[in-house]
Amino acid sequence: MKTDSHGGNIYKKAKELGLDQSRLMDYSANISPLGLPDHIREAMISSLDGIINYPDPECMALREAIARADGVKEWQITCGNGGADLLYRLAFGLRPGRVLLPAPAFVEYEEAMTVGGAVMDYYLMQDDFMIREDLIPMIGEDTDLVIICNPNNPTGLLTPRDLIVKILERAREMHCRVLVDECFLEICREEDRCSLRPYVDRYENLIILKSFTKLYAVPGVRLGYIICSDPEVIERANRAGQAWSVSTIAQAAGLAALAHPEYKDAVIKEVEKELKYMKEALAALPLKLYDGQANYLFFRAPGVTDLDRRLEEYGIMIRNCSNYVNLGEDYWRVAVKTRQENEHFLEVLKKILTSPDLSCRQGSAPE
Ligand SMILES: Cc1ncc(COP(=O)(O)O)c(C=O)c1O
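Sequential numbering from 887 applies to the sequence shown in the numbering used here.
See below:
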């Protein structure tokens, strides 16, 4: 068991606030606003009879379906107990000595890599939180792994594919691998333009991380995978964990998800609509909003370091971003949910941010 350094811990927060979990509105975890689709729910229920056997350790049917959906080969895929499990498998399987990470980025990268013995080197993104070409010369002979989160968590900003290709080129010259985390990319309209999947065969040093969690609203199921054309990476990731890391229920969920490719578009459309709605509403509030492209938004509320506690009074959880490298205490990330939820959230947020005591604090915040 690990203590939490992420959003989404409704269990602890409900206990802390003395509330029933169902009364919390969780804007701190970024899950599809459409919730769990019926076809996945039904497939998981039907799979229950099979749990008297160990799950298929090689996830054969699931890898076949993923290979078809992602246009890669089955042997280039290995599945795990969520994307997070694969980060630890890579940390222990590859044992990178030095890892270069543009910051801020998903906290689990550092947690996994450092427990595997890595030293982290940071590319500190400037105020606009974009990765630029000056990252490239930072990849040196002693860099073993570069991690690019695309779109970035927590900012939601995308890194152009041609820049990632340049990073791959330089990394290849330096005998360095590049992990591109596309866990949120599927939920973005920009997926086809930004995904590195078409480059898997060309770059053996490319590892793509993907997850079923966000798009299909199954964070409690735990299902993710990596794609890589270097068989050694697949082999080492496989050996760095137990044989049955993907449950029978998770494999059934993944197969059902991929059997209904049209569902993905419904999620993308819904996210696009609500993202636009939330951006317009947030732009009218006294905060610095970033132009995120995924199902969450990132902003700075200058001088406001207790926004989470103020929202908790209304039963709303958001993600304080102060435990990300390169971010201060007044940076926040919020999910994009259903229209009804978003209306309520925005109404409460506006009330808080325009209350007289906060307005004067914001005025005196350093830039
Ligand atoms: C950027 C990013 N990558 C990977 C993951 C891991 O997701 P999971 O372990 O649920 O598949 C997360 C979870 O929040 C994430 O934010």
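Even glycine gets a Cβ: it sits at the ideal position worked out from N, Cα and C.
Quick one: give me the first and last residue of the beta strand (DSSP E) that residue i is part of.
i       : result
Met930  : It is not in any beta strand (DSSP E) - Met930 instead sits in the alpha helix (DSSP H) that spans 924-932.
Lys1096 : 1092-1097
Ile1034 : 1031-1035
Thr1045 : Element bounds for Thr1045: n/a, residue is neither H nor E.
Val1234 : Per DSSP, Val1234 belongs to no beta strand (DSSP E); it is in the alpha helix (DSSP H), 1225-1239.
Thr1000 : Per DSSP, Thr1000 belongs to no beta strand (DSSP E); it is in the alpha helix (DSSP H), 993-1001.
Ala989  : 984-989
Arg1219 : 1217-1221
Nearest by alpha-carbon distance to residue i: which of the options is it?
i       : options                            : result
Ile926  : Leu1141, Val1066, Ile1033, Lys959  : Leu1141
Ala1187 : Asp1216, Pro982, Arg1195           : Asp1216
Val1222 : Cys945, Ala977, Ala1004, Ser918    : Ser918
Lys1236 : Arg1196, Leu1213, Ser1133          : Arg1196
Leu1101 : Pro1147, Glu1090, Arg1125          : Pro1147
Glu1077 : Gln1179, Phe1231, Gly921           : Gln1179
Cys1207 : Thr1041, Ala1143, Leu1232          : Thr1041
Ala1136 : Ser908, Leu1168, Ala1103           : Ala1103
Ser1133 : Val1107, Asn1228, Leu1239          : Val1107
Phe978  : Arg1079, Tyr1163, Asp1192, Glu1121 : Glu1121
Asn1154 : Met1011, Phe1070, Arg1219, Ala951  : Note on identity: in this sequence residue 1154 is Ile, with Asn being the wrong assignment. It is Phe1070.
Phe1185 : Ile938, Ala1139, Leu1239           : Leu1239
Met1016 : Ala1004, Ala989, Ala998, Glu902    : Ala989
Tyr1085 : Leu1065, Ile1073, Arg1075          : Leu1065
Leu1144 : Leu1213, Gly1189, Glu1072          : Glu1072
Val958  : Glu994, Leu1175, Phe1231, Ser1081  : Ser1081
Return the chain-ordered list of same chain residues with a C-beta closer than 8 Å to the C-beta of residue i, the five sequence neighbours on each side being excluded.
i       : result
Ile1025 : Leu986, Val1032, Ile1053, Arg1056, Ala1057, Met1060, Cys1062
Gly983  : Gly1003, Ala1004, Val1005, Asp1028, Asp1030
For ligand 1, is there any heavy atom lying closer than 7 Å to the beta carbon of residue i?
i       : result
Asp912  : no
Thr1099 : yes
Gly1214 : no
Ala970  : yes
Asn895  : no
Asp1116 : no
Asn1209 : no
Pro988  : no
Pro919  : no
Cys1069 : yes
Asn1181 : no
Phe992  : yes
Pro1242 : no
Asn1206 : no
Asn1039 : yes
Gly1110 : yes
Cys965  : no
Cys1035 : yes
Pro1105 : yes
Would you call residue i buried or exposed, if buried means 16 or more other Cβ atoms sit within 10 Å of its Cβ?
i       : result
Trp1130 : exposed
Asp971  : buried
Tyr974  : buried
Met946  : exposed
Gly1002 : buried
Lys1096 : buried
Asn1209 : exposed
Asp912  : buried
Lys899  : buried
Ala1170 : exposed
Leu1010 : exposed
Asn1254 : There is simply no residue 1254 to check, as the chain begins at 887 and stops at 1253 in what is shown.
By Cβ distance, which residues of its chain are closer than 7 Å to residue i, with the 5 residues on each side in sequence left out?
i       : result
Cys1035 : Ala991, Phe992, Asp1067
Asp956  : Arg1083, Ile1113
Arg949  : Glu960, Ile963, Cys965
Ala1152 : Leu920
Val1234 : Leu1197, Tyr1200, Ile1202
First and last residue of the alpha helix (DSSP H) that includes residue i?
i       : result
Met946  : 946-956
Asp971  : 969-980
Ala1143 : 1134-1145
Ala915  : Run containing Ala915: none; DSSP gives neither H nor E here.
Leu1168 : 1148-1169
Ile896  : 896-903
Leu1197 : 1193-1198
Short of 6 Å in beta carbon distance, which residues of its chain neighbour residue i, apart from the five on each side in sequence? Order them along the chain.
i       : result
Gly893  : Ser914, Ala915, Arg1205
Glu996  : Met1006
Thr1224 : Pro919
Arg909  : Gly1201
Pro1242 : none
Arg1219 : Pro1040, Tyr1182, Phe1184, Arg1205, Cys1207
Gly936  : Thr1134
Asp1087 : Ser1115
Is residue i close to chain C, meaning its C-beta is less than 8 Å from at least one C-beta of that chain?
i       : result
Lys1236 : The structure shown contains no chain C; it holds only a single protein chain.
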